[in-house]
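Engineer: I have a structure here, written as structure tokens, and I will follow up with some questions on it.
2 protein chains.
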Amino acid sequence: MHRRLLLLGLLRQHKMHGYQLNEFIERDLSFCAEVKRPTAYYLLEKLAEAGYITEEEEERRGGRPPRRIYRITPRGEAYFLELLRENLRTYRRVTFPGDMGIAFIDALPPHEARELLEERYAQMREMLERIQQISGHAGAPRLVIEHHITHLKAELNWLEEVLASLAQEEESAGEA
Amino acid sequence: MHRRLLLLGLLRQHKMHGYQLNEFIERDLSFCAEVKRPTAYYLLEKLAEAGYITEEEEERRGGRPPRRIYRITPRGEAYFLELLRENLRTYRRVTFPGDMGIAFIDALPPHEARELLEERYAQMREMLERIQQISGHAGAPRLVIEHHITHLKAELNWLEEVLASLAQEEESAGEA
DNA sequence: TTTTCCATGTAACTCGTTACATGATTTC
DNA sequence: GAAATCATGTAACGAGTTACATGGAAAA
């Protein structure tokens with residue numbers, strides 16, 4: 000449902016065609032939204048069938064496929080608000096696939112585990128920097144960026160503690 | 000892949016049948032792992048086909064279906080380590096469906112948005128408390144619990160800021 | 001001249017979930 | 001006597017992704 004919410008929310012701001020919509024999502028929202036192109040086209044079709052948006056063909060010069068311009072309808076606006084309320088109201092639990100590795104971390108010698116997690120750590124830092132750079136960027140909603148920054152900082156903190164405890168294990172193993 | 004990692008990781012510790020495996024996951028790991036029963040059965044079948052685990056039927060008194068006891072094989076052990084290394088090494092980005100609502104929060108009057116988010120906030124607190132209570136619990140891996148606690152606290156902090164900024168908007172709207 | 005951009009769409013597939021089905025045994 | 005427990009399995013569905021297909025126009 001959050002993908003529909005996204006599409007409706009964007010169409011509420013401007014009429015757009017699918018390609019445009021997808022470009023915007025990829026360029027400006029890829030850090031927080033996952034909607035692949037075929038999915039977007041598919042959902043637009045569904046939303047149009049349901050009467051939440053209208054589809055208007057705009058002929059293009061050259062043999063190009065005509066653009067299909069989508070606009071939100073009053074019913075779509077109502078639906079958008081419904082989805083929005085539902086989304087704001089409910090907390091959806093996150094699961095971290097990366098936790099499975101942590102759960103079985105003892106299966107590896109501490110120094111190897113540390114090396115591997117160090118790689119993960121570097122990727123997380125990179126991600127944090129990339130997100131911090133979006134900050135000025137128009138289009139990307141400020142609160143969401145801040146959310147991701149908060150989140151990533153917490154993740155980094157936690158991983159640092161894990162790494163520290165691994166380092167300690169290594170030490171005490173070295174003594175023995 | 001992280002589901003396979005989980006199953007192999009558990010079978011590495013004890014031989015088990017599917018029902019037992021599923022019970023353990025639901026009871027002790029539901030806070031961090033999502034594997035539904037049919038999925039578990041399905042994956043066990045696949046892992047057995049691939050030779051990573053062996054299947055042994057144990058007849059049961061009464062008309063009950065025989066238990067299928069699974070044990071990890073040496074190849075399975077190697078595969079487990081492969082998956083484990085891969086899992087530890089790579090950071091997988093998280094997306095929050097709840098961010099979509101935040102992105103369009105201005106579509107609602109601040110007081111309504113605040114009320115809705117207040118509900119979300121309550122659910123998050125509940126979740127945090129539930130996880131803090133697992134802490135003593137055997138079976139659930141300590142680091143993963145701590146991860147979730149860290150995560151949830153960061154989420155709560157961030158939401159508190161959002162709520163505060165909404166409260167401010169309400170105030171300045173009240174003045175006008 | 002080759003690559004990239006525009007703009008759509010479809011088909012096949014993966015992964016996972018829900019819902020349904022079975023059947024004896026123990027517990028309330 | 002009804003309900004929960006044990007223990008499996010299958011079928012249908014849903015959501016989303018990847019990969020494939022088209023075809024001219026503009027840019028390199």
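Quick note, the sequences are listed as chains A and B, same order. Take the first sequence: its position 10, counting from 1, is numbered 9 in numbering that gives the first Met the number 0, and each next residue is one higher. Take the second sequence: its position 124, counting from 1, is numbered 123 in numbering that gives the first Met the number 0, and each next residue is one higher. Idealized CB from N, CA, C, for every residue including glycine.
(1) State buried or exposed for Tyr-69/B, treating a residue as buried only when at least 16 other CB atoms are found within 10 Å of its CB.
(2) With a threshold of 8 Å between beta carbons, is Tyr-51/B in contact with chain A?
(3) I need the straight-line Cα distance from Lys-152/A to Val-143/A, nearest angstrom please.
(4) Just reading off the alpha helix (DSSP H) that Thr-53/A is part of, what are its end residues?
(5) Please confirm whether Arg-129/B has its beta-carbon closer than 8 Å to some beta-carbon of chain A.
(6) With 9 Å as the limit, tell me which residues of the region 80-102 of chain A have their beta carbon closer than that to any beta carbon of chain B; keep them in chain order.
(7) Suppose contacts are defined by Cβ-Cβ distances below 8 Å. Is Arg-91/A in contact with Leu-46/A by that definition?
(8) What did DSSP end up calling Gly-15/B once you bin it into helix, strand or coil?
(9) Name, in chain order, the residues that DSSP records as bridge partners for Ile-71/A.
(10) Checking the sheet assignment: what are the DSSP bridge partners for Arg-66/A?
(11) Asn-156/B touches chain A at which residues, Cβ-Cβ below 7 Å?
(12) Pick helix, strand or coil for Thr-94/B, following the three-state DSSP scheme.
(13) State the Cα-Cα distance for the pair Glu-33/A and Glu-55/B, rounded to the nearest angstrom.
(14) Which one of Gly-75/A, Leu-82/A, Ala-166/A and Glu-170/A has the shortest CA to CA distance from Glu-48/A?
(15) What residues from the region 130-146 of chain A come within 8 Å of chain B, judged by C-beta to C-beta, listed N to C?
(16) Buried or exposed for Glu-154/A, going by 16 or more other Cβ atoms inside 10 Å?
(17) Taking the continuous alpha helix (DSSP H) assigned at Lys-35/A, which residues delimit it?
(18) Mind checking the region 0-30 of chain B against chain A and listing, in chain order, the residues whose C-beta falls within less than 7 Å of any C-beta there?
(19) Any chance the region 118-125 of chain B sits against the region 154-168 of chain A, with 3 or more Cβ pairs inside 8 Å?
(20) Three or more C-beta pairs closer than 8 Å, one from the region 163-175 of chain A and one from the region 80-95 of chain B: is that the case here?
(21) Strictly below 7 Å CB to CB, what residues from chain A border Leu-43/B?
(22) I need the boundaries of the alpha helix (DSSP H) containing Met-123/B, first residue and last residue.
(23) In three-state terms, what does DSSP make of His-1/A?
(24) What does Ala-32/B reach in chain A if we use C-beta pairs closer than 9 Å?
(25) Classify Arg-113/B: buried if its beta carbon has 16 or more other beta carbons within 10 angstroms, exposed otherwise.
(26) Out of curiosity, what's the CA-to-CA distance linking Leu-43/A and Pro-64/A?
(27) Report the rounded CA-to-CA distance for Lys-35/B versus Asn-21/B, giving the unit in angstroms.
(28) Could you list which residues in chain B have their beta carbon closer than 7 Å to that of Arg-119/A, in chain order?
(29) Which residue marks the beginning of the alpha helix (DSSP H) containing Gly-173/A, and which one marks its end?
(30) Please list, in chain order, the chain B residues whose beta carbon lies closer than 8 Å to that of Gln-122/A.
(31) Say whether chain A places a C-beta atom closer than 8 Å to the C-beta of Ala-106/B.
(32) Output the distance between the C-alpha atoms of Leu-28/B and Tyr-51/B, rounded to the nearest integer angstrom.
(33) Count the other CB atoms within 10 Å of the CB of Arg-78/A; is the residue buried (16 or more) or exposed (fewer)?
(34) Leaving out five residues on either side along the sequence, give the residues of the same chain with a beta carbon under 6 Å from the beta carbon of Tyr-40/A.
(35) List, in chain order, every chain A residue whose beta-carbon is nearer than 7 Å to that of Leu-116/B.
Structural biologist: In brief:
(1) buried
(2) no
(3) 14 Å
(4) Not the alpha helix (DSSP H): Thr-53/A falls in the beta strand (DSSP E), residues 52-57.
(5) no
(6) Leu-80, Leu-82, Leu-83, Arg-84, Glu-85, Asn-86, Leu-87, Arg-88, Thr-89, Tyr-90, Arg-91, Arg-92, Val-93, Thr-94, Phe-95, Pro-96, Gly-97, Asp-98, Met-99, Gly-100, Ile-101 and Ala-102
(7) no
(8) The displayed chain sequence assigns Met, not Gly, to residue 15/B. Strand at Met-15/B.
(9) Ile-52/A
(10) Glu-57/A
(11) Thr-149
(12) coil
(13) 42 Å
(14) Gly-75/A
(15) Pro-140, Leu-142, Val-143, Glu-145 and His-146
(16) buried
(17) No alpha helix (DSSP H) holds Lys-35/A; DSSP gives it neither H nor E.
(18) His-1, Leu-4, Leu-5 and Gly-8
(19) no
(20) no
(21) Under the 7 Å cutoff, chain A gives no residues; its nearest Cβ is about 16 Å from Leu-43/B.
(22) 109-133
(23) helix
(24) Thr-94, Asp-98, Met-99 and Ala-102
(25) buried
(26) 17 Å
(27) 8 Å
(28) Leu-87, Arg-88, Thr-89 and Tyr-90
(29) 141-174
(30) Thr-89 and Tyr-90
(31) yes
(32) 23 Å
(33) A small fix is needed here, since residue 78/A is Tyr in this sequence, not Arg. The residue in question, Tyr-78/A, is buried, as its Cβ has 16 or more Cβ neighbours within 10 Å.
(34) Gly-17
(35) Leu-87
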